[in-house]
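Q: Sequential numbering of the sequence shown, starting at 2, is according to the working numbering.
For glycine and all other residues, C-beta sits at the position ideal for the given N, C-alpha and C.
Note that this is a predicted model, so its numbers are computed, not measured.
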Amino acid sequence: MICQKEVRVLRLKKVNITDWCLVGILILSAFLYGWGIWDAGSANSYYTAAITSMTKSWSNFWYGAFDPAGFITVDKPPVALWLMAISAKIFGIHGWSVVLPSVLAGIGSVYLMYQLLAPKFGVWAGRVGALILTLTPTVVANSRTNNMDAILVFFLLLAVYILQKAVAKKNIWLVIVSFGLIGVGFNIKMLQAFMILPAMLVYYWVAIKLPWKKKIAWLVVGMASLSIFTVAYPLAVDSVDQSSRPYIGSSQTNSLMELAFGYNGTERLLGQSTGTGGAFPGMGSTKKSTGTQKNNGAPSGKKPSGSAPTGKMTGQAPTGQQNGGKAPTGTPPNQSTNKNAKQAKGKAPGQSGKMTRQAQGGQGGGNSAFSIGSAGPFRLFQSDLGSQIGWYLPRAILGLIAGWFGFRKRGAKWYHVSEEQSEVLLWAGWFVPVYGFFSVASFFHPYYTIMLDPAIAALTAIGVAAVVKMSAQSNKESMIARIVVSVAVLTTLLLQAYYVWSYYQIISIILIIVAIGLSIWWLLPRQINNKIKIALSAISILLMAGWWSLTPTLSHNSAAIPAASPSLLSQTGSSDMGGEVNNQLLSYTKKHQGNAKYLFATTDSNSASGYIIKSGKAVMAIGGYNGTDPTMSLSEFKKLVKSGQLKYFVMGNNSKTSSGQISKILTWVKKNGTKVTYSSSTSNQSSSRQQMGGQSQSSTLYDLSNIYGRL
Numbered sequence: 002m003i004c005q006k007e008v009r010v011l012r013l014k015k016v017n018i019t020d021w022c023l024v025g026i027l028i029l030s031a032f033l034y035g036w037g038i039w040d041a042g043s044a045n046s047y048y049t050a051a052i053t054s055m056t057k058s059w060s061n062f063w064y065g066a067f068d069p070a071g072f073i074t075v076d077k078p079p080v081a082l083w084l085m086a087i088s089a090k091i092f093g094i095h096g097w098s099v100v101l102p103s104v105l106a107g108i109g110s111v112y113l114m115y116q117l118l119a120p121k122f123g124v125w126a127g128r129v130g131a132l133i134l135t136l137t138p139t140v141v142a143n144s145r146t147n148n149m150d151a152i153l154v155f156f157l158l159l160a161v162y163i164l165q166k167a168v169a170k171k172n173i174w175l176v177i178v179s180f181g182l183i184g185v186g187f188n189i190k191m192l193q194a195f196m197i198l199p200a201m202l203v204y205y206w207v208a209i210k211l212p213w214k215k216k217i218a219w220l221v222v223g224m225a226s227l228s229i230f231t232v233a234y235p236l237a238v239d240s241v242d243q244s245s246r247p248y249i250g251s252s253q254t255n256s257l258m259e260l261a262f263g264y265n266g267t268e269r270l271l272g273q274s275t276g277t278g279g280a281f282p283g284m285g286s287t288k289k290s291t292g293t294q295k296n297n298g299a300p301s302g303k304k305p306s307g308s309a310p311t312g313k314m315t316g317q318a319p320t321g322q323q324n325g326g327k328a329p330t331g332t333p334p335n336q337s338t339n340k341n342a343k344q345a346k347g348k349a350p351g352q353s354g355k356m357t358r359q360a361q362g363g364q365g366g367g368n369s370a371f372s373i374g375s376a377g378p379f380r381l382f383q384s385d386l387g388s389q390i391g392w393y394l395p396r397a398i399l400g401l402i403a404g405w406f407g408f409r410k411r412g413a414k415w416y417h418v419s420e421e422q423s424e425v426l427l428w429a430g431w432f433v434p435v436y437g438f439f440s441v442a443s444f445f446h447p448y449y450t451i452m453l454d455p456a457i458a459a460l461t462a463i464g465v466a467a468v469v470k471m472s473a474q475s476n477k478e479s480m481i482a483r484i485v486v487s488v489a490v491l492t493t494l495l496l497q498a499y500y501v502w503s504y505y506q507i508i509s510i511i512l513i514i515v516a517i518g519l520s521i522w523w524l525l526p527r528q529i530n531n532k533i534k535i536a537l538s539a540i541s542i543l544l545m546a547g548w549w550s551l552t553p554t555l556s557h558n559s560a561a562i563p564a565a566s567p568s569l570l571s572q573t574g575s576s577d578m579g580g581e582v583n584n585q586l587l588s589y590t591k592k593h594q595g596n597a598k599y600l601f602a603t604t605d606s607n608s609a610s611g612y613i614i615k616s617g618k619a620v621m622a623i624g625g626y627n628g629t630d631p632t633m634s635l636s637e638f639k640k641l642v643k644s645g646q647l648k649y650f651v652m653g654n655n656s657k658t659s660s661g662q663i664s665k666i667l668t669w670v671k672k673n674g675t676k677v678t679y680s681s682s683t684s685n686q687s688s689s690r691q692q693m694g695g696q697s698q699s700s701t702l703y704d705l706s707n708i709y710g711r712l
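1) DSSP beta-bridge partners for Asp704?
2) So, are the CB atoms of Glu637 and Phe444 less than 9 Å apart?
3) When you compare the CB positions of Ala167 and Val154, do they come within less than 9 Å of one another, or not?
4) Which residues in the same chain have their Cβ closer than 8 Å to the Cβ of Ile38, if we skip the five residues on either side of it in sequence?
5) Tell me, please, whether the region 196-209 touches the region 433-440 by the rule of three or more beta-carbon pairs shorter than 8 Å.
6) If contact is defined by three or more beta carbon pairs under 8 Å, each pair taking one atom from either stretch, is the region 126-145 in contact with the region 15-35?
7) Compute the Euclidean distance between the alpha carbons of Val141 and Asn255, then round it to the nearest angstrom.
8) Is it buried or exposed for Pro526, if we count other Cβ within 10 angstroms and need 16 for buried?
9) Note down the Cα distance separating Ala498 from Ala536, rounded to an integer number of angstroms.
10) Does the region 616-626 touch the region 235-242, meaning 3 or more C-beta pairs lie closer than 8 Å?
11) By DSSP, does Tyr626 sit in helix, in strand, or in coil?
12) Which of helix, strand or coil does DSSP assign to Thr137?
13) Relative to the C-alpha of Leu399, which candidate in Tyr589, Ser487, Ser608, His417 has its C-alpha closest?
14) For Ala119, tell me which candidate among Phe67, Leu460, Met452, Ile52 has the shortest Cα-Cα distance.
15) Could you give the residue range of the beta strand (DSSP E) that holds Lys432?
16) Take the Cβ of Ser644 as the centre, count every other Cβ of all protein chains shown within 10 Å, and call the residue buried at 16 or more, exposed below.
17) Between Ala81 and Thr56, which are expected to be in contact by the criterion C-beta below 8 Å, what is the C-beta distance as a whole number of angstroms?
18) Exposed or buried, which one is Ser228 when buried takes at least 16 other CB atoms within 10 Å?
19) Are the region 177-195 and the region 218-227 touching, with three or more C-beta to C-beta distances below 8 Å?
20) Under 8 Å by Cβ, that's how I've got Ile73 and Ala622 pegged, so tell me the actual separation to the nearest angstrom.
21) At the level of alpha carbons, what is the spacing between Tyr649 and Ala151?
22) Confirm, please, whether the CB-CB distance from Tyr264 to Ser252 is below 9 Å.
23) Near Ile52, what residues of its chain come up, given a Cβ to Cβ distance below 8 Å and the 5 sequence neighbours on each side ignored?
24) Does DSSP put Pro305 in a helix, in a strand, or in coil?
25) Return the first residue and the last residue of the alpha helix (DSSP H) that Ala546 is part of.
26) Tell me the start and end of each unbroken alpha helix (DSSP H) in the region 2-88 that is at least 4 residues and wholly inside, in chain order.
27) Return the first residue and the last residue of the beta strand (DSSP E) that Phe601 is part of.
28) Less than 9 Å separating the beta-carbons of Gly611 and Glu581?
29) With a threshold of 16 other CB atoms inside 10 Å of the CB of Thr675, please say whether the residue is buried or exposed.
30) Using the Cα positions of Tyr47 and Pro553, report the straight-line distance between them to the nearest angstrom.
31) Three or more C-beta pairs under 8 Å: does that hold for the region 447-458 against the region 383-394?
32) Could you tell me the distance, in whole angstroms, from the CA atom of Arg380 to the CA atom of Ala208?
33) Could you compute how far the alpha carbon of Leu386 sits from the alpha carbon of Met480?
34) Could you check the C-alpha separation between Gln662 and Ala602 for me, to the nearest Å?
35) Just curious, the alpha helix (DSSP H) that Arg396 is in, first and last residue?
36) Straight-line CA distance for Ala713 to Ile463?
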């Protein structure tokens, strides 16, 4: 397949010459991730509102405050938001400026993938890994939004890259930095960063050549660095008097550590329950959907009844459009208990006739926000998750096997691990735990699977390098290599044909025919048209995966729930999911705010985000993201009103699902507040939204100022 000279190139330990193929791949990634972000709108308006607030004071910046008054934080630590806030401070608050750090992180991850593979397995392995990472749909979708996942993946790859250098140079300081970066990753998205710790620990122990006592000592120091960088920020925040800092959003005890190990920890695995009144039904289900989509009461495959309100349709395709009219596997959550009620329930209170397509039950790219398939070992192959992450899964699994056996040392004991095999262990250690988590977890969004893609890309590339090495060996190994490639091409293209079928049946049939033909061709003697065979195989595997990856770019999509699929091509721009504003309500409250600290209060963050972004004023989300955070008691709320800091209250999206003290506050507001007529069209808009989404989106404004005798 490739001459011995080329095989030796694959074993180069340093890559010093500029690789123009890598330059081309980086340009491609920059285009896919960055083109059209000027239409990002508010992207994820929840985080954009926080970025807006963080640019207004150092305190808001430090804590990651959601609102300009610093009442409550977002539901994640602020490291990624710090980068976005710095970008917004430099360039101004725009959709593209808050998305830019994710774009750069995505490009940086592609470069790091090359640098992790090329010195160990050669430039072609580096190119393949970088290209696979670039052309994975969920990577493109994530890198175009202001969610935190693309930035997290960059920091994790950087940690692995530095650990690889630490092993090669036997440098304790690099070990310290490497494990410290995992602690930084914790303060981006908490325990999700720890998913690759098994890989790093195994790799360090197997790969570094030190006396065992020194090896243990260095590891202890590395873990100390991890611990310090992990807990330093949360402990610093939790140690501050609660009256002197914002409430920690989505926690139940106003603690960042509790948020990390509860809401953002065990509940991700076992099922979300905090603040929602119960776990989401259907998440992690082992039974397939019966075909009835319960989002907003609309059957799967059909649009909800009723006419859409006038105005621009933004965001994502309806669920029924994304899968050829078929319901995705798994059961969507009940909207009344959904943490992400913003995706199904509509927008901020009093929208001016607009409604995103999430409100119809779907989200960008074709899978609804909670369509995660049926729990089990093959969940990631199912269309819900596979259409975002599964395009190269068979090649990665076969690459793991081929890499392990292909780079074994001849004549060595079975327990002796070669340098290349230690790299295989690194990526297998990343792949297996993350794959296992997504196979059994009860609560996550499909776009979280970006965590798996670096391992998929690396193992695919290592598999290519292993096959090249084996093909240059004995006839027996050459035949084994051809069988591995044949199986890889066949399984990968058949799986892709399954994903493509919902949109392009003819192309799916062609893929099946090509898969069978190429798999047979690979079994023939290697001397027959190898270059043509390699080119056709590469094009066939990358073609439709590349097309799926291109769809967010062509549609200029920067979604709050990022995903990719041809359904995006009927839309343009961002899916704000809470970023829209009723201009009449905003105008009225700004005009009559007076000396009040808050423009108004509302139930939840997604009912407030658009108003914060547009006005830059403080809007209190008393229940946090879900509308259920126990931020204050009724007596404390009364004191706030009595002091004149709060004059108005708007019943937001989650007013019906609030509980505890928040429910008592809403009851008190309805009983004692005076309803304000600020727009003659408000009731008509509410009615239109109710027809469209099956949920009443109240925009009722209550004046609280006269409760204590003030005008």
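A: On the basis of the data shown:
1) Tyr649, Thr675
2) no
3) If you check the CB distance, Ala167 and Val154 do not come in under 9 Å.
4) So the qualifying residues of the chain are Gly96, Trp97, Val100, Leu101, Val104, Arg145, His557, Ser559.
5) yes
6) yes
7) 35 Å
8) exposed
9) 19 Å
10) Judged by Cβ distances under 8 Å, the region 235-242 makes no contact with the region 616-626, as fewer than three pairs qualify.
11) coil
12) coil
13) Residue nearest to Leu399 within the set Tyr589, Ser487, Ser608, His417 is Ser487 (criterion: CA-CA distance).
14) Relative to Ala119, the option among Phe67, Leu460, Met452, Ile52 whose CA is nearest is Leu460.
15) Here residue 432 is Phe; the residue named in the question, Lys, does not match the sequence. Not the beta strand (DSSP E): Phe432 falls in the alpha helix (DSSP H), residues 420-441.
16) exposed
17) Between Thr56 and Ala81 the Cβ distance is about 15 Å, and since that is not below 8 Å, they are no contact.
18) exposed
19) yes
20) 6 Å
21) 38 Å
22) By the CB criterion at 9 Å, Ser252 and Tyr264 fall inside the cutoff.
23) Leu82, Met85, Ala86, Ala89, Ile94, Val99, Asn147
24) Here the model assigns Pro305 a pLDDT of 35, short of 50, so the residue's position is not dependable, and the following value carries that caveat. Reduced to three states, the DSSP call for Pro305 is coil.
25) 531-555
26) 5-11, 21-35, 46-55, 59-64
27) 601-603
28) Going by beta carbons, Gly611 and Glu581 fall inside the 9 Å limit.
29) By the neighbour-count rule (16 or more Cβ atoms within 10 Å), Thr675 is not buried but exposed.
30) 20 Å
31) yes
32) 32 Å
33) 34 Å
34) 15 Å
35) 394-407
36) Nothing about residue 713 can be reported from this structure: the residues present for the chain run from 2 to 712 only.
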